[in-house]
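Just so you know, the protein sequences line up as chains A and B, in that order. According to the numbering used here, the stretch in the first sequence is residues 1 to 334, in order. According to the numbering used here, the stretch in the second sequence is residues 335 to 668, in order. This report concerns only the one structure given below.
Protein chains: 2
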Amino acid sequence: MKSITIKEVADLAGVSIKTVSRVLNREPHVRKNTVDAVLSAVETLNYRPNLAARALASSRSYLIGLYYDNESIGYIAEMQYGSMVACRNQGRHLLVEQLGGAVTSRDELHAQFSLVRIDGAVLTPPLCDRQDILQVLEELGIAYVRIAPSDQFERAPYVYMDDRLAAFEMTQHLQSLGHTRIGFIRGDSAHSATALRYAGFTEAMQQAGLTVQPHWVPSGNFSFRSGVGAAERLLGLEDRPTAIFASNDDMALGVMAVANRMHLRLPQDLSVAGFDDAPIAQVVWPQLTTIRQPVAQMAAAAVEILISGGGAADSLVRRLDFELVVRGSTAPPG
Amino acid sequence: MKSITIKEVADLAGVSIKTVSRVLNREPHVRKNTVDAVLSAVETLNYRPNLAARALASSRSYLIGLYYDNESIGYIAEMQYGSMVACRNQGRHLLVEQLGGAVTSRDELHAQFSLVRIDGAVLTPPLCDRQDILQVLEELGIAYVRIAPSDQFERAPYVYMDDRLAAFEMTQHLQSLGHTRIGFIRGDSAHSATALRYAGFTEAMQQAGLTVQPHWVPSGNFSFRSGVGAAERLLGLEDRPTAIFASNDDMALGVMAVANRMHLRLPQDLSVAGFDDAPIAQVVWPQLTTIRQPVAQMAAAAVEILISGGGAADSLVRRLDFELVVRGSTAPPG
DNA sequence: ATGAAAGCGCTAACAC
DNA sequence: GTGTTAGCGCTTTCAT
C-alpha cells in the first residue's frame, strides 16, 4: 500500500516539494500558474498528505480532542456530532475520550494528554470545571475551550448558553397560560446550571408578583428517580401547584410518571415543563414542553475557536441561543 | 513546550535509542537489567513517546476509526463508549466520524480514509453493509471489522448478536405468561435485524402451536411514530391481541402511548415488549420489558479483533450474548 | 544482546 | 516567487 508522496506531486508539477507544501498550506507568494499546476498534479495523482508526517514536522496533529464525563448519553452524542462536523469542515479530526474516575491522578492526566498531541481540547461539563485538568493542559501548552463553565471565566475561552434567561422565559410561558401556582424542581447542586435555572425561575416569579413557596421548590439531582420523589412531594400537597417546571427533562418525565399514576390528566390537571429537549421529550405523551439547548452548536463553536487559534479577544467567548419549545404538556390550568 | 525524546531517555539509561525503542515495544532479546534501567529512566523523565513520530516511522497510526450513520443516538454513544474503552486498554485512540449522505462518492470516501491513516475501522450498521465503503477500505488496505452485518459474512471479521434467538425468547416469555394472542410490529425492512427478529417471533409461535395472524403483524420503521400507527391498527381490531411485541423500544413506546390514550391499563389490559433496552425503557411507566443488546461489548470486541490483527480464523467472528430484561410492562393477561 | 545509520513524509528556516 | 537543506522523533535494517 505505497501511497503517493509530496515528491511525486512535485515531480509531476515540475516544481520543488516546498512549493507543493506551500500550495497545500495555502501560503501566500505563489504564482497563480504554479498553484494551478500543483493542484492539478494533486488531483491526477489523487494525492493526500500524510498526517503523521505533517504532525511530526510541524508539531501540529490536526486532531481535536473532545473530553467528557457525563452520564447523559444524548448530550454527549450531540456534542460529538457538533464538534465532528466542525472538525471535518476545517480539515481536522475528532478524538473522543471519556475522562472518568479512572483517570484522575496528575500522572494519568499527563499521560492522557501527552500521548497524542492534540491541537486543542474541548472540555464539556463537568470536566470544564476540573482544576486539575485545566492545569495539566496549561502545563502542556494545549489550548482548550470550555463548554458552559461555571467559574474562572477569564481563564480561557468558553462557549455557553443563557440558562438563567431560558428558565426565566419558560416560567413566563407558564404564567402566560394563566398559572400562578408553579412548582420548581431544582437539579444537582454540583452543576452550575442548577443555580442559574433556579435564579431565572425566581426572577420571573417575582417580576410577576407571585410568591415562591419554599415547599413548592424541592430539590432533585437531574435523575428520573429524583423527579419522581420531588413530584410525589409536590403532588401530595393540599395546595398543590397547577404547573411544575422541572429543571431538566429526566426529572420532568418523573413528574409525568407520578401524575399518570395518580390519574391526573396532562395537561388539563397539571402542566409539566422540562429543560434540555432530550429525545425522550418527543416520545412521551403528551410531548414535553422544554428548552432546546444548542448543544451541537456549542461544540461546533468550541472547535472553531480552537482552530482559529485565539484571534480577537472578543471571539473567545460565544453565547448561543436556546429555544423555547412549546409542546403538549403545558396548557392553561383547569 | 519542548517534550522529552527517546534520546534523553537513552542517555539517562546509558543505552542507545534503539534499545529504548525495543523496550517500549516489548521486543524480545533485551537483558532484564537493561529493561529495568530503561523503564526507570522513562519513569523519572516522565517520558511519553511521540505518536506522530511513531506513526511516521512505522506506518501505523495507533488510531482506530469508528464510523457510523445512524439516527439512534443512544446506540452510537454506547458503541463509542465500548470502543473507546477498548482502545484505551490497548494504547490506541478512537477517532469518530459520521459517514452520512454527504460523504458518498468514491473520491470522498477515499479522502476520508486516506487523510488519517487509521490502523483499523469499526463499521457500525448500516455502514457495515455499504459495498462502496468496504471496497474503498480494501483498496486502501485498511483492516475493518463489521458490527452486525447482514451479508457477505466471509468477506471480513465481524461481531454480532443473535437477534433471531432474542426475539424467540421474548416471544416465549410472553407465551409463558399465558398470552396466545400476540401481535408483532416489524421494523424497517432495510435493516437486517427486521427479518431476524420476525423469524424468531414466528418460530416461537409455531413451536407453541399458535397461529400468526397476518393482521396482527403490522410493519413499522423503528420510529416512535410508526409504533403509534401500528398500535392504532392493532388496538382498533375487534379481536385485538393481549400482548404486543414491538421489534424495537421506540415503537414499543408508541404502543404504550396509544394504549394510554385509549385508557388501557398496562400491563393488565395489554402487555408490551420492546427490543434494545434504550435508556427510555426504564423511564416510562410501567418500565419496558425488552432485550438488552450488548452494544458496548460488540464495539469493544470489534476493536480487539482489529488490534489483535487477525490471528486465528475462529477469532474473526464473535457472537455476544443478549439479555432478556423483564420489567413491568409484561404480565399475565386479564 | 545491542548499536549505527538510514529513512518515514513532511515543514521550517534560510537562501537565492 | 521558488528551491535547498536540515531536521521533527521514532522504527527499521543491518552490523556487530
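All residues carry an ideal CB built from backbone N, CA and C; glycine is no exception.
* Among B:A411, B:G425, B:Y396, which one has its Cα closest to the Cα of A455 (chain B)? -> B:Y396
* To do: Could you spell out where the beta strand (DSSP E) holding L320 (chain A) opens and where it closes?
  => 317-320
* To do: Return the first residue and the last residue of the beta strand (DSSP E) that E431 (chain B) is part of.
  => 427-432
* E97 (chain A) touches chain B at which residues, Cβ-Cβ below 8 Å? -> M418, R422, H427, L428
* To do: Look up D276 (chain A) in the DSSP assignment and give the residues it is bridged to.
  => A:R292
* Asked: What residue range is occupied by the uninterrupted beta strand (DSSP E) comprising L253 (chain A)?
  -> Unbroken run through L253 (chain A) is the alpha helix (DSSP H), 249-261; no beta strand (DSSP E).
* Asked: Just curious, the beta strand (DSSP E) that V479 (chain B) is in, first and last residue?
  -> 477-481
* **Closest Cα partner of G91 (chain A) within the set A:D107, A:I64, A:A77** => A:I64
* To do: Report the rounded CA-to-CA distance for F222 (chain A) versus L270 (chain A), giving the unit in angstroms.
  => 20 Å
* To do: Ignore the nearest five residues each way along the sequence and tell me which others in Q432 (chain B)'s own chain have a CB closer than 7 Å to its CB.
  => Y402, D403
* **Proximal residues of chain B, C-beta to C-beta of G74 (chain A) below 9 Å** => I407, G408, A411, P613
* Rounded distance between the beta-carbons of V651 (chain B) and P491 (chain B), thought under 8 Å -> 7 Å
* Asked: What does S247 (chain A) reach in chain B if we use C-beta pairs closer than 9 Å?
  -> What S247 (chain A) touches in chain B: nothing, since even the nearest Cβ is about 17 Å away.
* **9 Å Cβ cut-off: residues of chain B touching A111 (chain A)** => N380, R382
* Look up Y158 (chain A) in the DSSP assignment and say whether it is helix, strand or coil. => strand
* Asked: Mind checking E412 (chain B): buried by the 16 CB within 10 Å criterion, or exposed?
  -> buried
* Asked: Nearest to V589 (chain B) by alpha carbon, out of B:E572, B:M495, B:R559, B:A612?
  -> B:R559
* To do: Can you give me the start and stop residues for the alpha helix (DSSP H) that A411 (chain B) sits inside?
  => 407-423
* To do: Measuring only between beta-carbons, confirm whether L449 (chain B) sits less than 7 Å from chain A.
  => yes
* S271 (chain A), DSSP secondary structure in three states -> strand
* Asked: Where does the unbroken alpha helix (DSSP H) through V35 (chain A) begin, and where does it stop?
  -> 32-45
* **S553 (chain B), DSSP secondary structure in three states** => strand
* Whole-number beta carbon distance between R319 (chain A) and Y337 (chain A), since they are thought to touch under 8 Å -> Outside the modelled stretch of chain A, which goes from 1 to 334, sits residue 337 (chain A), for which no answer is possible.
* Asked: Taking the continuous beta strand (DSSP E) assigned at E323 (chain A), which residues delimit it?
  -> 323-325
* Does any CB atom of chain B fall closer than 7 Å to the CB of A270 (chain A)? -> Contrary to the premise, residue 270 (chain A) reads as Leu rather than Ala in this sequence. By this cut-off, L270 (chain A) is not an interface position.
* Asked: Roughly how far, in whole angstroms, is the beta-carbon of T601 (chain B) from the beta-carbon of G662 (chain B), given that I think they are within contact range, below 8 Å?
  -> In the sequence on display, residue 601 (chain B) carries Pro and not Thr. Indeed they touch by this definition, with Cβ atoms about 6 Å apart.
* Below 7 Å CB to CB, which residues in the same chain sit around R146 (chain A) once its five sequence neighbours on both sides are set aside? => L123, C128, A156, Y158
* Go through its chain and collect everything with a Cβ distance to S357 (chain B)'s Cβ below 7 Å, but skip five positions before and after it. => Inspection of the sequence shows that residue 357 (chain B) is occupied by Val rather than by Ser. Only V364, V369, V372, L373 meet the Cβ criterion.
* Note down, in chain order, every chain B residue with its Cβ under 7 Å from the Cβ of A53 (chain A). => L390
* How would you call P548 (chain B), buried or exposed, if buried means at least 16 neighbouring beta carbons within 10 angstroms? -> exposed
* Asked: With a cut-off of 7 Å, does the C-beta of L587 (chain B) fall near any C-beta of chain A?
  -> yes
* Where L63 (chain A) sits in the DSSP three-state scheme -> strand
* Asked: Under the three-state reduction of DSSP, which class applies to G200 (chain A): helix, strand or coil?
  -> helix
* Taking DSSP as the reference, what is the three-state secondary structure of F113 (chain A)? -> helix
* Tell me whether the beta-carbon of S581 (chain B) lies closer than 7 Å to the beta-carbon of R520 (chain B). => yes
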